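Residue numbers for the sequence shown follow my numbering, beginning at 86 and rising by one.
In this text, a Cβ means the ideal position worked out from N, Cα and C, and glycines have one as well.
Every value quoted in this text rests on a predicted model; they were computed, and no experiment measured them.
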Amino acid sequence: MRFDLFWVLMGRTAYVFAPLYLIPFAYGFAYGDSLAGSFLALGILAAILGMVFGNMGRSHMRQLSVQEGVLFLLAIWFLLAVLGMLPFHLAGLHLSPADTFFECVSALTTTGMTVFGDTLPPSLILWRALMSWFGGLLFIVILVTVLPVVSGCFGVDFNVRQARLFSPLWNRMTRPMREMTLLYIAITAVSVGIYLMAGDDIFTALILALFTIASGAGPMTGGLPPTPALMLGAGLVALLSALPLLTLWQLLHRRSGAMLTRHMELRAFFLLFLAAGVLLAIPALLHGTWSIIEALGFSFFYAVSFLSTNGLMLQGAAPFHTSAALLLILLAVIGGCMGSAAGGFRISRVLVLISLAWTELLRTLHPRMVLAVRQGGEVVPLHSAGRILVLAFFFAAVFSVSSLLIALAGLSPIETITLTVSCLTTTGGVASLAHLDTVAALPVWTKLVCTLLMILGRIEIFAFFLLLGTLFEDTRHRW
C-alpha cells in the first residue's frame, strides 16, 4: 500500500513547524544570544525537510486511509521531538539525548514534566514553551482531521454534526486546519493579555500563555506566585484551554449563544468544576489550614488547573490533604472537554459510559424495554458507545501494565501511580503531588517508557492498538 498522503501530512507539519524557530531566533538576535544563528539554521532545515516529505507524496490520492492516519499519529511526535532536540544540543550544555528527547516529547504532548527545571537559558525556555504550544495546536488539528478517520469519530462531540465537519478528503481537511489554527492563535493572544493584566512582564506572560493555553504547564513553569491577580489570570487561561474549540467554532459561524447553554458536556464540565472546588476547600477548612477566602481561591484554582490537565502549581502553597490530592488525580483522569487541547479521558466519554451503565441497568430490570444510550438529548450510536467502552478498557489495561513496569525503577506506590497518571493524562502536575517535580534522577529506560506513555496518552491509545492489530493481521495473512 502506498502512503503518499502520509508523507504530505508529515511534510505539512514540518513545514508549519519551521517558522517556530524564527521566534527564538528573533529573541536571541535582539538580546545577543549566541544560539540565534542555530535557530535560524534549524528553521531552514525543517522547511527543507517539509518540502522533501511533501515531494515524496506529491502523487497522493487526496483521501486519507486508516493505515496512513495511524502511522501519522505515531510518527509525527517522534519527528517533531527529534527536530526539537537539536537546539538543546547545539547550545553546548552537555545534555543526554534521552533527557532532551524526554523533554521535547513532554512539551509536544503538553504533559509538562521536565528533567531540566529552570536551569535553561531564556531562548531555550522560550523554545520549550513554543513546542508545548505547537503540540496543543497539533492535537486540535489532528482531532478535526486525522483522528476521526482513524477512530471513527467516537466520542468527539455528539452535539456536532460530524458528517459535515470531518472528511478523509484532503481538500475538506484543509479548511478545518486553517480555522482551528486561527482560533487557537486568537485565544493565545487573549491569554497573553490576561497575564499582562495580572502584572507579568511581556516575556513571562508569553511563556505562561504558551504553556497554559496548550494545557502543558505543570512543573515546567516552576510554580506561580500565589497572588490573587495571577491566580485569577492563570485560572481563566486554564479554563480557556479546556473549552471545546469545535463548539466555539460553530458558535462563531452561527452567531448564536444557545449552543453553549444546551451543550451537555459544557454543563457537566462547569458542574464538575464547581463541585470539585467546593470539595477541595472542605479539608482545608476542617483542618484550619486556610481561611474561607483562601480555601475557596486555592481550591477553585487547583480544580480548573487539574481538570484542564494543566497541572499548574503554586509556589509555597499549603500542602494538600490526602483526600484533596486524590480528587485532583481523579480530575486529571477525567480531563477537559472534547475538542480542546486538554488531555485525560474527556468528560463527554465519561458521560457516555455513565449513560451506558444506566441503560444496561434498566435493560436488566426491564428486559423488554427498548432503550438507547443518550447524551444531550441525542442518541449515541452503538458503535461509538462500544468504542468508548473499548477505549476505557485499553486505558485501564495500559495503566495497570505500565504501573507495574515503572515500579521496577524503585519508586514508591504513590510515586508510581502519579507518574503513570501524569503520562497517560498528559498532566505533569499530578507527579508534583508526589514531589516528582523533576524526573532527572530516573533511569534512562524509565524515561523512555514514560515517553511512550505520553505519546499513547496524546493519541488516545486507540490508534496504537489499531496499528498493532494491523501488523498482526498482516503477519497472519502472510503466514
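CA-to-CA, the gap between I298 and L359 works out to about 21 Å. For P207, the uninterrupted alpha helix (DSSP H) segment begins and ends at 207 to 229. Shown here, Q152 sits in a helix according to DSSP, grouped into three states. With contacts defined as CB atoms closer than 8 Å, F138 and A103 fail to qualify as a contacting pair. Separation of P452 and L441 (C-alpha to C-alpha, rounded to the nearest whole angstrom) is 15 Å. Taking a contact as a CB-CB distance under 8 Å, the pair F187 and V200 counts as one, their CB atoms being some 6 Å apart. Exclusion of the five residues before and after T531 leaves I491, A494 as the residues of its chain whose Cβ lies within less than 7 Å of its Cβ. Comparing C-alpha distances from V506 to each of F480, V529, P528, A525 shows the shortest one belongs to F480.
In the three-state reduction of the DSSP assignment, E545 falls in the coil class. Contact check for L209 and P172: beta-carbon distance about 6 Å, within the 8 Å limit, so the pair qualifies. Cα atoms of T259 and V226: separation of roughly 10 Å, rounded to the nearest angstrom. If you check the CB distance, G513 and T266 do not come in under 8 Å. About 7 Å separates the Cβ atoms of A361 and L392, confirming a contact at the 8 Å cut-off.
Fewer than three Cβ pairs drawn from the region 104 to 118 and the region 173 to 181 lie within less than 8 Å of each other, which leaves the two stretches out of contact.
Beta-carbon to beta-carbon, A290 and T273 are separated by about 11 Å, too far to satisfy the 8 Å threshold. Rounded to the nearest whole angstrom, the CA to CA distance from T449 to V435 is 21 Å. For Y387, the CB contacts under 7 Å within the same chain, skipping 5 residues up- and downstream, are L365, L413 in chain order.
Taking 8 Å as the cut-off, the Cβ atoms of A380 and H406 do not count as close. The continuous alpha helix (DSSP H) containing F480 extends over residues 467 to 491. Distance check between G154 and each of A283, M95, M141, P329 places M95 closest, using alpha-carbon atoms only. Taken through DSSP and simplified to helix, strand or coil, L158 comes out as helix. Distance between A132 and F157, taken at the CA atoms: about 18 Å.
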